[in-house]
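Here is the structure we will look at, set down as structure tokens.
Numbering (the UniProt record's numbering), first residue to last: 1 to 108.
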């Protein structure tokens, strides 16, 4: 169950990064809503990360959490913010995904 919560925490990390990107594009009240979304996603992500580190090794949990956030944020950047999907970006994202999966298999 901790791995499930860790994945959810990583997805909320992606969400708070996406909220920052949307807030940058918005103005006025709309920007405020995106910043509120950022704070909510940040709080949920951190809460879940704290909970899972009570059972999982901190090094593994943090690496997986940041990896999910990095991969997800790059994908959101490509799909939502129209950032370039170059060969090397996709290559290194793929190696990062492989590393996250590897950490899952070698951790208790």
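Cβ atoms here follow ideal geometry from the backbone N, Cα and C, with glycine treated the same way.
All figures in this text were calculated on a predicted structure; none of them were measured in a lab.
- By the neighbour-count definition (other C-beta atoms within 10 Å, threshold 16), residue 38 is a buried residue.
- Annotation: residue 72 to residue 84 spans about 15 Å, alpha carbon to alpha carbon.
- With contacts defined by Cβ atoms closer than 8 Å, residue 6 and residue 52 form a contacting pair.
- In the structure shown, the three-state DSSP call for residue 85 is coil.
- DSSP places residue 46 inside the alpha helix (DSSP H), whose first and last residues are 28 to 52.
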